[in-house]
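The structure appears right after this line, and notes come after that.
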Amino acid sequence: MKQLFLSLVVLLGFQVLLSAQAYEGTTEYDKKKQPAFLIDYPYPPEAVENAIIKRMGKLGYKSKEEKGLFNKDKGFRNFRNAFIADISADAMDYIMKVESKGRKSEASVIYLIIQKDGNNMKSTFDAAQVEKIKSFLNGLQPDVVAENLELDIIAQEEAVSKAEKKLRGLKDDQSDLEKKLKNNQEDQRNTEKEIEAKKNALDALKSKRVMDKT
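Dropping the structure here:
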């Protein structure tokens, strides 16, 4: 069963590798529409974002995340002055955001904006460099599959833990019920003795009534 599960995970991951391909588009950032690179995944945003953070972390970069209730750029992660050799020999700002695709929480899209000194660099890239950027995004796919598996494992561990907790509760209930049953049986025996004693007392009283009549 375990081998079948792992085979399904590998097969699904292989299908994603074939289907997920980066493409060009736009997104809203810094109060304007920005040229960007995009890629879609049939996985939840948490798995995709974890993959990005870990990949960039391996390169030695941490992001500054846009936050704030009224911040329209909320959710974007800016890896400032990052040097990614697979893309460029220059350090640039790699600004990424992961969103749910449509209303499906199990599908995501990555938006990647590349800036230098506050300027969007997409128009300066030649065809070869564009392909390098797309290849970088495509190269995240194994990381996404791995992170999604980790989330599935965590979810399953939580499900097992929850079921075990429920079983412990049921066993505790059983123990309480057995204790109550034992006490109930003891109470029944005591009550039976009490009834027998009261009946004997009643019979004794009744016998006196008969004796008085004679």
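Under my numbering, read the sequence shown as residues 57 to 270, first letter to last. Idealized CB from N, CA, C, for every residue including glycine.
Inter-stretch contact (C-beta, 8 angstroms, three-pair minimum) for the region 189 to 202 and the region 92 to 105 = yes
Ile151 vs Gln171 beta-carbon contact at 9 angstroms = yes
Is it true that the CB of Lys110 sits closer than 9 angstroms to the CB of Glu234?
-> no
Where DSSP assigns a beta bridge to Asp149, which residues make up the other side?
-> Gln171
Among the residues of its own chain, which have a CB less than 6 angstroms from the CB of Val154, if the five just before and after it don't count?
-> Pro101, Val104, Glu105, Ser164, Ile166
Which class does Lys254 belong to by DSSP, given the choice of helix, strand or coil?
-> helix
Mind checking who Tyr79 pairs with in its DSSP beta bridge?
-> Leu94
Would you report the Cα separation of Tyr85 and Asp149, rounded to the nearest angstrom?
-> 13 angstroms
Collapsed DSSP secondary structure at Lys130 in the structure displayed | coil
Lys178 burial status per 10 Å Cβ neighbour count (16 or more: buried) = buried
Taking only heavy atoms of the ligand FMN into account, decide whether any of them is closer than 8 angstroms to the Cβ of Ala202.
-> This structure lacks the ligand FMN, and indeed carries no ligand of any kind.
Is Ser119 buried or exposed, if buried means 16 or more other CB atoms sit within 10 Å of its CB?
-> buried
Helix, strand or coil for Leu74 per DSSP?
-> Only weak support is given to the placement of Leu74: the predicted model assigns it a pLDDT of 48, under 50, and the question is left unresolved by the model.
For Ile140, which of helix, strand or coil comes out of DSSP?
-> coil
From what residue to what residue does the alpha helix (DSSP H) around Gly113 run?
-> 101 to 114
For Ala76, count neighbouring Cβ atoms within 10 angstroms of its own Cβ and tell me buried if that reaches 16, exposed if not.
-> buried
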